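The working numbering puts the first residue of the sequence shown at -11, with every later residue one more than the last.
We treat Cβ as the ideally placed atom computed from N, Cα and C, and that holds for glycine.
Bear in mind the structure is a predicted one, so any value in this text is a computation, not a measurement.
Below: the structure, in C-alpha cells.
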Amino acid sequence: MMRALSRLVVLAVAIAGLAAPAAAKGIVADVDDHLVEITTDFAGQDILVFGAIDGPGDVILVMRGPAGRVAVHQKDRFAGIWVNAESIEFDDVPSLYGVASSRPLFEILPNDMLDRYQLGVGRLRFETAEEEPYGIGSFRIALVQQKRKQGLYADRVGRVTFIGDTLFRANLHLPSNVPTGTFLIDVYLVREGRIVDAQNMPLVISKVGFGADIYKYANSRLIAQRFGYGVAAVLVSLLTGWLAHLAFRKR
C-alpha cells in the first residue's frame, strides 16, 4: 500500500507537467504489480489501479483477459436425457472481463460510445466466423451467463474513487480460476461525454512453482495424446487403403 501511495505522489507530480488548461487532456496510470504469480493455493486477488488526471473528468477502467474462441452449446432433451444440440462458436471472446468507473457508465458516455468501446458486459460484441444464424442472441446471453457463473465476468461495475481532485484508485478483481496469459487494462479519461485521453497497461498472469509443473505436464500429456490420436488415425487410414488395394488386386 505504501508503495502504491508513493507512486501516486510521483504520478501527481508528473501530471503537473501536462498541457495547459486551455487544451487540457491527460491521464497517467499504473498498477501495483504487473505480474501476478499463480500458485497451488491461489485464492484470488485484487489488482490496484491508480493514477492522476490533469483536471476535472471521469475515469473508466476496463480489464480484459486473453481472447479466444468459445463454443456455446444448446441442450435439448432426447430420450429422457439432456444432450448437446446446436452449437455456435464465437471468436475473440475475452477470457475475463471487468469494468470500474467514477460514475455510472450511462452518466459518463452516450450509448453509441459505450457500444463502440464495448464498455459493460452487456455491450460486448461476440462475433462468429460464419453468417449469424437465427436466434444467435440467446447464445450470446448464454455465453455471458456461463462466464458470470464461472466468476470471470463481473456482475457489476466497480468503483473508481478519487483522492482529492486529481488522484484516483480502483480495485479490479481476479478470481481464483483466472486464466493465465497477458491481460490488458485500458484507462479512459472522459470529459463532457467524450473520451479525451486513454492509456493501456499489460498485466501478466503466470503459474509458478509446483502448480506450474502440474499444468505444463497436463498440457504436454494432452498434446501427446492428441498427437498420438492423429498418428493412429493416419495409420488406420493407410492400413484400410492397403487392405482395400489387396482386395481389389485379388479380384
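Cα-Cα separation, residue i to residue j
{"i": "L191", "j": "V166", "result": "12 Å"}
{"i": "Y176", "j": "V47", "result": "6 Å"}
{"i": "P82", "j": "I193", "result": "14 Å"}
{"i": "Y203", "j": "N99", "result": "With a pLDDT of 42 at Y203, under the threshold of 50, the predicted position of this residue should be treated as unreliable, though the coordinate-derived value follows. So the two alpha carbons sit approximately 42 Å from each other."}
{"i": "G43", "j": "T154", "result": "6 Å"}
{"i": "M101", "j": "I183", "result": "9 Å"}
{"i": "V53", "j": "K135", "result": "For the record, residue 53 in the displayed sequence is Gly; it is not Val. Cα to Cα, G53 sits roughly 12 Å from K135."}
{"i": "L36", "j": "V87", "result": "13 Å"}
{"i": "F30", "j": "K195", "result": "10 Å"}
{"i": "R209", "j": "Q187", "result": "In this prediction, R209 scores a pLDDT of 48, lower than 50, which makes its location untrustworthy; the coordinate-derived value is nonetheless stated afterwards. Their Cα atoms are separated by approximately 40 Å."}
{"i": "A40", "j": "L23", "result": "22 Å"}
{"i": "D21", "j": "F94", "result": "30 Å"}
{"i": "K137", "j": "Y105", "result": "24 Å"}
{"i": "H61", "j": "D103", "result": "26 Å"}
{"i": "E118", "j": "G110", "result": "22 Å"}
{"i": "A17", "j": "G169", "result": "21 Å"}
{"i": "G152", "j": "R179", "result": "18 Å"}
Chain-order list of residues whose beta-carbon lies under 6 Å from that of residue i (same chain, five-residue window excluded)
{"i": "L140", "result": "L84"}
{"i": "D34", "result": "N159, H161"}
{"i": "D80", "result": "A55"}
{"i": "A59", "result": "S75, E77"}
{"i": "R250", "result": "With the chain covering only -11 through 239, there is no way to say anything about residue 250."}
8 Å Cβ cutoff met for residue i and residue j
{"i": "L97", "j": "L112", "result": "no"}
{"i": "F127", "j": "I76", "result": "yes"}
Integer-rounded CB distance, given that residue j should sit under 8 Å from residue i
{"i": "L131", "j": "F78", "result": "6 Å"}
{"i": "P240", "j": "G32", "result": "There is no way to answer for residue 240, as the model of the chain reaches only from -11 to 239."}
{"i": "F156", "j": "V145", "result": "15 Å between Cβ atoms; not a contact."}
{"i": "S90", "j": "F150", "result": "7 Å"}
{"i": "V50", "j": "D174", "result": "5 Å"}
Other residues of its chain near residue i: CB distance less than 7 Å, five sequence neighbours each side excluded
{"i": "D185", "result": "K13, G14, I15, L177"}
{"i": "V19", "result": "I35, L36, V37, I173, M189, L191"}
{"i": "F114", "result": "F78, V81, R128, L131"}
{"i": "E25", "result": "S194, V196"}
8 Å CB neighbourhood of residue i in its chain, flanking five on each side removed
{"i": "T116", "result": "I76, E77, F78, D79, I124"}
{"i": "G181", "result": "I96, L97, P98, M101"}
{"i": "P92", "result": "V145"}
{"i": "Q133", "result": "none"}
Heavy atom of the ligand FMN within 7 Å of residue i beta-carbon
{"i": "R144", "result": "Of the ligands one can find in the structure shown there are none, so the ligand FMN has no counterpart to examine."}
Bridge-paired residues (DSSP) for residue i
{"i": "G86", "result": "M51"}
{"i": "N188", "result": "D174"}
{"i": "R182", "result": "R179"}
{"i": "F150", "result": "F156"}
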